[in-house]
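Protein chains: 2
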Amino acid sequence: MKQLINVPETVVADALRGMAAAHPELTVDVENRVVVRGDAPVQDKVALISGGGSGHEPLHGGFVGYGMLDAACPGEVFTSPVPDQMVRAAAAVDSGAGVLFIVKNYTGDVLNFDMAADMAEDEGVAVAKVLVEDDVAVTDSTFTAGRRGTGATLFVEKMAGAAAQEGAPLERVEAVARKVAGSARSFGVALSACTTPAKGSPTFDLPPGELELGIGIHGEPGRERRAMMTSGEIADFAVDAVLDDLAPDGPVLALVNGMGGTPLLELYGFAAEVHRVLAERGVAATRTLVGNYVTSLDMAGASVTLCRADEELLRLWDAPVRTPGLRWGA
Amino acid sequence: MKQLINVPETVVADALRGMAAAHPELTVDVENRVVVRGDAPVQDKVALISGGGSGHEPLHGGFVGYGMLDAACPGEVFTSPVPDQMVRAAAAVDSGAGVLFIVKNYTGDVLNFDMAADMAEDEGVAVAKVLVEDDVAVTDSTFTAGRRGTGATLFVEKMAGAAAQEGAPLERVEAVARKVAGSARSFGVALSACTTPAKGSPTFDLPPGELELGIGIHGEPGRERRAMMTSGEIADFAVDAVLDDLAPDGPVLALVNGMGGTPLLELYGFAAEVHRVLAERGVAATRTLVGNYVTSLDMAGASVTLCRADEELLRLWDAPVRTPGLRWGA
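Protein sequences, first through last, are from chains A and B.
So for the first sequence, the numbering used here puts the first residue at -9; every next one is plus one.
So for the second sequence, the numbering used here puts the first residue at -9; every next one is plus one.
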């Protein structure tokens, strides 16, 4: 529960100063809280912009770069960014080919991105939007009407980003983003609560010996609490919850995502169990990404996101990407 | 303190099964606990082998691949691997150009790699060894005579790996490894203890409101305990401890490393403070890597490693690398 911070009020600004120091290839506007590709605007390329509350790093700032996002707008911890940030980002990255807003389904995010879209359009920017609402755990939750946006965001940002990098026009990039958002589902589990800088203590109580199934990425309540389960039992529950909803009829891409506080050693063990369950259900995982990508500060736990992978999406997934948090290919 | 595991006895094997599932480009021998580049042995290339207790992931298995390690030998959690693992790894990766063992300075690791070197040489493999002993916090500690081997291991594996990938012969790769090991120093801080699977509870007591300065990567005692400090105060202490010993007369490479349980948001904020201190001391950090690389399970905290960077080392650092845990370049 102790935190490596100065004061809660400067946590986001401090982190942005650190990103600026570590990643000279990015342009980080600390004051206005916008992280931009250093080479933006990229001529004739559709620009991708996402954002949301801080505390989920590397999402979204860590996904800014070649083949993924053009800009990210971080809010305060677990708090929506404001429309001015998105408008400023749009002005910085729009080459004239338009921008796509990638929005996780939280009421504040949706509202503020909507407002920003209107404002940017008033300034002559063509704006498309895609909503990510992949969490099958619950419908309507704290901060959310409908399903929450979680791990699928990474797939949307990666694959729509690849399409944009290849030169696809705005309608096509938007269509890819919608296709991915419609093809990916998630389920998360918490073994511990997270601690926000402002509160300084765990955001909810999770007694020793219990876990929460279907947790959101801010510690929103899930489906149920149970006595602690093994990694294998959790994988059974989480993968089945996703498969029940997704019903893939072919191979999938898998994200075995840590919530922040669970060691990589344990995440890889969990990935083995996720693969076992998928094999038992006759589902092939053609790609598996394991690590802390869509986190919830120091929460212990993990989520599973599966994305139906046809040839097009597999190609877009494999396309080169160069960001602080995700990087492969030529 | 709750863990995403099946039973403590299978944690390492489970993680290796997960690595095999997620990284088809690696050859993972789960039974014998050896992780090998899928294309090994690489013709005419010196092979790099490292290993150590598990619980520090992505070190070492996550650093196997093009431009870094050829093989890694994971022991039980916080327990040295056995000589048979290194001998088996050497047989799998030696192309005839010889192997370099990269050994963190822990008594068990040193002993077992020494024994393995003798055994491999008996089988006709040319073996060189380099010891990493970079932690300036204390001399002689739990498990260690002399200084502990910590974050500098990443620099040694990366830069010696780049030299080997370029085709340097064994003596040259060994010389690079020694040069890097002699050019890098570290200092770590714990805000919380870690929890090993076997124990299931924190390995030491760190009261609320206190931190441990100079911690090792297994929770070995550090220099002193103090009342909780800000990120900026910790950066002052850690960077000065490293600079006092390293006394760089030019630019450095910086690793701002998370111990596992500290969110990336906080690590970036800490990186900003590390840069501030370096700037105040007149030291330029030409490259800064921020993230969880040499971890201690779920311990909260961070370490700073600085490496003197002449032209040669900067070139080897920037050279392409493709591993699960570190990846950049063409």
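By construction, the Cβ of each residue, glycine as well, lies at the ideal position given by its N, Cα and C atoms.
DSSP state of residue i mapped onto helix, strand, coil
i	result
Pro73(A)	helix
Thr252(A)	coil
Met109(B)	helix
Ala30(A)	coil
Gly204(B)	coil
Thr129(B)	coil
Ile378(B)	The structure shown does not extend to residue 378(B), since chain B is modelled only from -9 to 320, so the question has no answer here.
Asn22(A)	coil
Gly240(B)	coil
Glu15(A)	coil
Ala62(B)	strand
Tyr327(B)	The structure shown does not extend to residue 327(B), since chain B is modelled only from -9 to 320, so the question has no answer here.
Phe68(A)	coil
Val170(A)	helix
Glu156(A)	coil
Asn282(B)	coil
Beta-carbon neighbours of residue i, restricted to chain A and to distances below 8 Å
i	result
Glu47(B)	Pro253, Leu254, Leu255, Tyr258
Leu181(B)	Lys(-8), Gln(-7), Leu(-6)
Thr220(B)	Ile(-5), Asn(-4), Val(-3)
Asp19(B)	Those do not exist, as Asp19(B) stays about 15 Å from chain A at its closest Cβ, beyond 8 Å.
Of the residues the options, the one placed nearest residue i, counting alpha carbons only
i	options	result
Asn247(A)	Phe53(A), Ala292(A), Gly259(A)	Ala292(A)
Asp124(B)	Val146(B), Arg215(B), Gly98(B)	Val146(B)
Ala127(A)	Glu210(A), Asn22(A), Leu303(A), Gly88(A)	Glu210(A)
Ala37(B)	Pro238(B), Ala261(B), Pro159(B)	Pro159(B)
Ala174(A)	Gly206(A), Leu233(A), Leu16(A)	Leu233(A)
Ala350(B)	Ala225(B), Leu287(B), Ala80(B)	This structure cannot settle anything about residue 350(B), because the visible part of chain B is limited to -9 through 320.
Glu263(B)	Phe227(B), Val2(B), Gly136(B), Gly250(B)	Phe227(B)
Phe260(B)	Thr276(B), Val242(B), Met219(B)	Met219(B)
Pro241(A)	Ala320(A), Gly98(A), Glu161(A), Arg298(A)	Arg298(A)
Arg213(A)	Leu243(A), Glu161(A), Thr129(A)	Thr129(A)
Val26(B)	Val(-3)(B), Asn(-4)(B), Met58(B)	Met58(B)
Ser221(A)	Ala237(B), Thr193(B), Ala244(B), Pro187(B)	Pro187(B)
Gly86(A)	Met76(A), Ser70(A), Glu111(A), Ala106(A)	Glu111(A)
Pro(-2)(B)	Glu256(A), Glu47(A), Gly199(A)	Glu256(A)
Val20(B)	Gly28(B), Asp230(B), Lys35(B), Ala3(B)	Ala3(B)
Phe194(B)	Val280(B), Met289(B), Val72(B)	Met289(B)
Thr276(A)	Glu15(B), Thr0(B), Ile(-5)(B)	Glu15(B)
Glu301(B)	Pro198(B), Ser182(B), Val166(B)	Val166(B)
Ser176(A)	Lys(-8)(A), Gly114(A), Phe68(A), Ala231(A)	Ala231(A)
Cβ separation of residue i and residue j, assumed to be a contact under 8 Å, to the nearest whole Å
i	j	result
Ala321(B)	Val83(B)	It is not possible to answer for residue 321(B), since the shown part of chain B is limited to -9 through 320.
Thr143(B)	Lys94(B)	6 Å
Cys184(B)	Leu306(B)	Not really, about 32 Å apart at Cβ, beyond 8 Å.
Phe103(B)	Lys119(B)	6 Å
Gly52(B)	Thr313(B)	6 Å
Gly178(A)	Met249(A)	7 Å
Met149(B)	Val122(B)	Met149(B) to Val122(B), Cβ: 12 Å. No contact.
Exposure of residue i, with buried meaning 16 or more beta-carbon neighbours within 10 Å
i	result
Arg271(A)	exposed
Thr295(A)	buried
Gly45(B)	buried
Glu202(B)	buried
Asn22(A)	exposed
Pro64(B)	buried
Asp60(A)	buried
Val311(A)	buried
Val284(B)	buried
Thr97(B)	exposed
Leu101(A)	exposed
Gly251(A)	buried
Neighbouring residues, chain A, relative to residue i (Cβ below 7 Å)
i	result
His265(B)	Ala11
Val323(B)	In the structure as shown, chain B starts at -9 and stops at 320, and residue 323(B) therefore has no counterpart that could be examined.
Glu44(B)	The question names Glu, but residue 44(B) in the sequence shown is Ser. The answer, in chain order, is Leu255.
Arg7(B)	Ala262
Residue i: contacting residues in chain E (beta-carbon distance under 9 Å)
i	result
Ile224(B)	Among the protein chains in the structure shown, which are A and B, there is no chain E.
Within chain B, partners of residue i - CB distance below 8 Å
i	result
Leu201(A)	Lys(-8)
Chain A contact residues for residue i, given Cβ-Cβ distances below 9 Å
i	result
Ala290(B)	Met(-9), Lys(-8), Gln(-7), Leu(-6), Gly251, Asp288
Trp318(B)	Arg312, Arg317
Thr285(B)	Pro253, Leu254, Leu255
Asp195(B)	In chain order: nothing, as chain A lies at least about 13 Å away.
Asp234(B)	Within 9 Å Cβ-Cβ: nothing; Asp234(B) doesn't reach chain A, min ~22 Å.
Chain B residues whose Cβ lies nearer than 7 Å to that of residue i
i	result
Val1(A)	Leu255, Gly259
Thr278(A)	Ala11, Ala12
Asp124(A)	Residues of chain B passing the Cβ test: none, with the nearest at roughly 21 Å.
Asp108(A)	Ordered by position in chain B, no residue passes the 7 Å Cβ test against Asp108(A), which lies about 30 Å from the chain.
Asp29(A)	The premise fails here: Asp29(A) is roughly 17 Å from chain B at the closest Cβ pair, so nothing lies under 7 Å.
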